[in-house]
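**Q**
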Amino acid sequence: MSLKSIGSLTPATIAAQAGGLLDAGTGGVVPPIHPATTFVRDEDYIPAVDGNVYSRSHAPNGRMAEGVLAQLEGAAEAMVFPSGMAAVAAVFRTLPAGASVLVQSQIYWGTTAWIRGFCARRDITLVEVEAADTDAFAAACATHKPALAWIETPSNPWLRIVDIAACADAVHGAGGLLIADMTTSTPVLTRALSFGADVVMHSATKGLNGHSDVLAGALAVKDSGSAIWAAIRADRDMAGAVLGPFEAWLLLRGMRTLPLRVERMSENAQKLAEYLSDHPSVETVLYPGLPSHTGHALACTQMTGGFGPLLSFVVKGGAPAALGAVGRLKLFHRATSLGGVESLVEHRHTIEPHTGIPEGLLRLSVGIEGAGDLINDLGQALGQ
714 MSLKSIGSLT
724 PATIAAQAGG
734 LLDAGTGGVV
744 PPIHPATTFV
754 RDEDYIPAVD
764 GNVYSRSHAP
774 NGRMAEGVLA
784 QLEGAAEAMV
794 FPSGMAAVAA
804 VFRTLPAGAS
814 VLVQSQIYWG
824 TTAWIRGFCA
834 RRDITLVEVE
844 AADTDAFAAA
854 CATHKPALAW
864 IETPSNPWLR
874 IVDIAACADA
884 VHGAGGLLIA
894 DMTTSTPVLT
904 RALSFGADVV
914 MHSATKGLNG
924 HSDVLAGALA
934 VKDSGSAIWA
944 AIRADRDMAG
954 AVLGPFEAWL
964 LLRGMRTLPL
974 RVERMSENAQ
984 KLAEYLSDHP
994 SVETVLYPGL
1004 PSHTGHALAC
1014 TQMTGGFGPL
1024 LSFVVKGGAP
1034 AALGAVGRLK
1044 LFHRATSLGG
1054 VESLVEHRHT
1064 IEPHTGIPEG
1074 LLRLSVGIEG
1084 AGDLINDLGQ
1094 ALGQ
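Structure below.
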């Protein structure tokens, strides 16, 4: 019996059961790894197993991960890639030279830097706008008529909240498509397709996998018959931006605990944000779970079950004070990423020195450790 045959299920059940996948050959409750790159045909040269031809276009483990992600997103289909940036590139390579695109300002720097370079090379008009300002976003759509608009919510590292439905209405009214980077939120907290996004992107390296041991990306689409989806699939299959079988298997394994991890990380992040908001050494805390956050009310309508693992805060005293605190942390690893089971800390200004990041800003990716232990570590580092 398939999971789909027993009606609507919660994300926790879909994930834990791996979308109903088993090892049919052995009866094992864990799906197998298929490292084969090519697949046999019968005497009439028909593929022995329907859909299995060559792993660049027909990789069994990739399809397993895609099927589970599509169920979690409420998507028609999903595709996996060898990195989040490969997924970003796959979307933008569908654009013709001379097109216009609208991109949210002050999002993940790697995305912004790549898009700027790509648009310059392809003679594509790039307009950057603060998408958390719905009026500014709508005005930019009306003026520039973008072929697609790119948003990220909550944004990294500013934790700004974007009204997905309002942005979808604005760009659709201008004849374009809305692409939403939901890496920080994951489908457990927000299903952006249900708010009007046409395509959702994930750096699956982060929350979807959750164990800091897989480099992967993913896209999920509302309409699998759309022109952009056909172009993305053709580009991926022909250019070879495919995820290997071992990485796809690890990604699927990671997704099996996704709802549980996100719940715990969100609970921990909320507690840390509340603690830091009252700390005398902290200037400001950026976390949508705090009522003081400008996007809190909107986040409450778009995010279900928590506000995610990512938070940023500004230490009084600038870079010397922030770096001093980072150096004293014992449990938070000084590393760049987010969404893993282990807590990480990053002095973002060191990574992005020319992007307007405050010198005292620290970005935390909160893991699944005991919240009290993490609070104590922050306390001794900041000076209680």
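Each residue of the sequence shown is one higher than the one before, counting from 714 in my numbering. Glycine included, C-beta positions come from ideal geometry on N, C-alpha and C. Fair warning: this is a prediction, and the values are worked out from it, not measured in the lab.
Per DSSP, what are the beta-bridge partners of P760 in this structure?
**A** Answer is R754.
**Q** Which word fits M714, buried or exposed, when buried means at least 16 other C-beta atoms lie within 10 angstroms of its C-beta?
**A** Low local confidence applies: a pLDDT of 44 at M714 is under 50, so the model's placement there is unreliable, with the coordinate-based value given in what follows. The residue in question, M714, is exposed, as its Cβ has fewer than 16 Cβ neighbours within 10 Å.
**Q** Looking only at its own chain, which residues have a Cβ that is under 7 Å from the Cβ of L1042, when we skip the five neighbours before and after it?
**A** So the qualifying residues of the chain are V1058, D1090, A1094.
**Q** How many Å lie between R873 and A778 at the Cα?
**A** For R873 and A778, the distance between alpha carbons rounds to 29 Å.
**Q** If I measure Cβ to Cβ from V753 and keep anything under 7 Å in the same chain, skipping five residues before and after, which residues do I get?
**A** Answer for V753: A761, listed in chain order.
**Q** Rounded to whole angstroms, what's the CA-CA distance from P1033 to L1075? Just pull it up for me.
**A** Going from the Cα of P1033 to the Cα of L1075 covers about 12 Å.
**Q** Thinking C-beta only, is S768 closer than 8 Å to L928?
**A** Cβ atoms of L928 and S768: not closer than 8 Å.
**Q** Give the secondary structure of A862 by DSSP, where H, G and I count as helix, E and B as strand, and everything else as coil.
**A** Here A862 sits in strand by DSSP.
**Q** Does the region 1022–1029 come into contact with the region 970–986, if we say contact requires no fewer than three beta-carbon pairs (one atom in each stretch) closer than 8 Å?
**A** The answer is yes - the region 970–986 touches the region 1022–1029, with three or more Cβ pairs under 8 Å.
**Q** May I have a chain-ordered list of the beta strand (DSSP E) segments no shorter than 3 residues that lie completely inside the region 830–890?
**A** Runs of the beta strand (DSSP E) inside the region 830–890: 838–842, 861–865.
**Q** With H, G and I counted as helix, E and B as strand and the rest as coil, what does DSSP make of D1086?
**A** Three-state DSSP puts D1086 in a helix.
**Q** Would you kindly work out how many angstroms separate the C-alpha atoms of A1048 and E996, rounded to a whole number?
**A** One C-alpha to the other measures close to 23 Å.
**Q** Could you tell me the distance, in whole angstroms, from the CA atom of L956 to the CA atom of F794?
**A** L956 and F794: Cα-Cα distance of roughly 5 Å.
**Q** Within the same chain, show all residues whose beta-carbon is closer than 6 Å to that of T1063, passing over the 5 residues directly before and after it, in chain order.
**A** Excluding residues within five positions, none has a Cβ falling inside 6 Å.
**Q** When we look at the beta-carbon of P724 and count the other beta-carbons within 10 Å, is it buried (16 or more) or exposed?
**A** Burial call: buried.
**Q** Considering only residues of the same chain and omitting the five flanking positions on each side of A1012, which have a CB-CB separation below 8 Å?
**A** Closer than 8 Å at the Cβ level, and outside the excluded window around A1012, lie P867, I874, P1001, G1002, H1006, F1020.
**Q** CB-CB under 7 Å to S907, same chain, minus the five flanking residues each way: which ones, in chain order?
**A** Same-chain partners within the cutoff: G787.
**Q** Would you say C880 and A860 are within 8 Å of each other, going by their C-beta atoms?
**A** No, the Cβ-Cβ distance between C880 and A860 is not below 8 Å.
**Q** Would you check if there are 3 or more beta carbon pairs closer than 8 Å linking the region 844–854 to the region 802–810?
**A** Judged by Cβ distances under 8 Å, the region 844–854 makes no contact with the region 802–810, as fewer than three pairs qualify.
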